[in-house]
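S.K.: By the count of UniProt numbering, the sequence shown reaches residue 296 at its end, each step adding exactly one. Dumping the structure here so I can ask a few things about it.
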Amino acid sequence: MAGDGLSEFDAVLAIAQRGSFRAAALELGLSATALSNLIGKLERRVGVRLFNRTTRSVSLTDAGQTFVEQIRPAVRTLHAAMSTARSQVETPSGTLRINAFATGAREVLSPLLIPFLKRYPQVHIDLVTEGRIVDIVEAGFDLGLRSADLVPSDMIAIPVGPPRSFAVVASPTYLAANGKPQVPPDLLRHACFRIRLPNGALHRWQFRKDGGTLQIDVEGPLTLDEASLAKIAVLEGVGIGYFMESDVRADIEAGRLVRVLQEWTPPLARLSLYYPSRRNPSAAFKALIDLAREVG
């Protein structure tokens, strides 16, 4: 009973049921004196006597009877709610909200999130993908997923997912007809697919080699706001595309696409699952963090 905030109400209900301070005290694990003091404190607070006491018996007053009838269902509901809350601390359940950019979500779905859901079927993940950077606390998310170099400094971050890099690719038929670019400026003589960012700007293709960096404003017949659409066009042999390597890895391995300028696209910062410091995290939250550390 101690520490749950309902001790006085539990005491009233126990005495009403048992008809005895001594029997109720034994049930509640209190001394008779402590129980009497608890009831006296409650009676002073509500301003009415709840029990008629004699040396031989205890009975409810009319006010006490009304009080018991009104609090009994409420106390039962509160205990049930507290039990449910405690069970969520012990057994992973409930909903976890995660904010991520789409490519990052694709990179961790198979190695982290799907295994987690299989292991904890009572947990629901609400995964929201968007290109802009979001304040996850203000937006009501439990966790965020971003490139490690974009994680706010006041967050706790866990590296997750495989190594990452960009990849410049084209179909074998396109390269056979137009040749392979040997250095990034060669792209200016090729048909390339441009991606529009969430802020409306066009994505500049970024390259790095031997400590130097280079950005190319490519030209091409089609501008899109979704990389997956650009990949369809590249597979059709219409031009060259710039993607996360993980998004075109299967196509490269199958020979549907050919990677070019690979020495100009070194590894990027890894993804990080991040979150603010918090007290009393849910069992579901702790379980996801543990699995992220395990597979990361």
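We put the CB at the ideal spot given by N, CA and C, even for glycine.
Please report the straight-line C-alpha distance between Glu-294 and Glu-245, rounded to a whole angstrom.
M.R.: Within the sequence shown, numbered from 1, the residue matching residue 294 stands at position 294. Within the sequence shown, numbered from 1, the residue matching residue 245 stands at position 245. Distance between the alpha carbons of Glu-294 and Glu-245: 24 Å.
S.K.: Taking the C-alpha atoms as reference points, what is the distance between Ala-230 and Leu-288?
M.R.: In the sequence shown, residue 230 corresponds to position 230, counting from 1. In the sequence shown, residue 288 corresponds to position 288, counting from 1. Roughly 33 Å between the two C-alpha positions.
S.K.: Does the distance from the CB of Ala-105 to the CB of Leu-145 come in under 8 Å?
M.R.: Stepping through the sequence shown from its first residue, residue 105 is reached at position 105. Stepping through the sequence shown from its first residue, residue 145 is reached at position 145. The answer is yes: Cβ separation under 8 Å.
S.K.: Give every residue of the same chain whose Cβ lies closer than 7 Å to the Cβ of Leu-117, excluding the five residues on either side of it in the sequence, and list them in chain order.
M.R.: By 1-based counting over the sequence shown, the position of residue 117 is 117. Only Val-123 and Ile-125 meet the Cβ criterion.
S.K.: Closest to Arg-53 by CA distance: which of Val-46, Thr-66 and Ile-39 is it?
M.R.: Start at 1 with the first residue of the sequence shown, and residue 53 comes out as number 53. It is Ile-39 whose Cα lies nearest to the Cα of Arg-53.
S.K.: Kindly indicate which residue of Asp-247, Leu-235, Ala-170 and Glu-130 has the alpha-carbon position closest to the one of Pro-198.
M.R.: By one-based count along the sequence shown, residue 198 stands at place 198. Ranking Asp-247, Leu-235, Ala-170 and Glu-130 by Cα distance to Pro-198 puts Glu-130 first.
S.K.: Looking only at C-alpha atoms, which of Leu-13, Asp-135 and Arg-45 sits nearest to Ile-71?
M.R.: The residue given as residue 71 occupies position 71 in the sequence shown. For the residues Leu-13, Asp-135 and Arg-45, the minimum Cα distance to Ile-71 belongs to Leu-13.
S.K.: What separation, rounded to the nearest whole angstrom, lies between the Cα atoms of residue 317 and Val-160?
M.R.: Examination of residue 317 is not possible in this model, given that the chain is present from 1 through 296 alone.
S.K.: According to the neighbour-count rule (16 or more other Cβ atoms, all chains shown, within 10 Å of its Cβ), is Leu-150 buried or exposed?
M.R.: To locate residue 150, count along the sequence shown from 1; it is residue 150. Leu-150 is exposed by the Cβ-count criterion.
S.K.: Looking at the unbroken beta strand (DSSP E) that takes in Leu-112, where does it start and where does it end?
M.R.: To locate residue 112, count along the sequence shown from 1; it is residue 112. No beta strand (DSSP E) contains Leu-112, which DSSP labels as neither H nor E.
S.K.: For Pro-92, does the three-state DSSP call read helix, strand or coil?
M.R.: Here the question's residue 92 lines up with position 92 in the sequence shown. Note: Pro-92 maps to coil in three-state DSSP.
S.K.: Report the residue from Pro-266, Ala-32 and Ala-24 whose alpha carbon sits nearest the alpha carbon of Phe-207.
M.R.: Residue mapping note: residue 207 aligns to position 207 of the sequence shown, counting from 1. Considering only alpha carbons, the answer is Pro-266.
S.K.: Would you give the residue range spanned by the beta strand (DSSP E) that Asn-52 belongs to?
M.R.: The residue given as residue 52 occupies position 52 in the sequence shown. 51–53 is the span of the beta strand (DSSP E), which, as asked, contains Asn-52.
S.K.: Give the straight-line distance between the Cα atoms of Val-258 and Val-108, rounded to the nearest whole angstrom.
M.R.: The residue you call residue 258 lines up with position 258 of the sequence shown. The residue you call residue 108 lines up with position 108 of the sequence shown. CA-to-CA, the gap between Val-258 and Val-108 works out to about 24 Å.
S.K.: Which first and last residues belong to the alpha helix (DSSP H) in which Ser-31 is found?
M.R.: By one-based count along the sequence shown, residue 31 stands at place 31. It is not in any alpha helix (DSSP H) - Ser-31 carries neither H nor E in the DSSP assignment.
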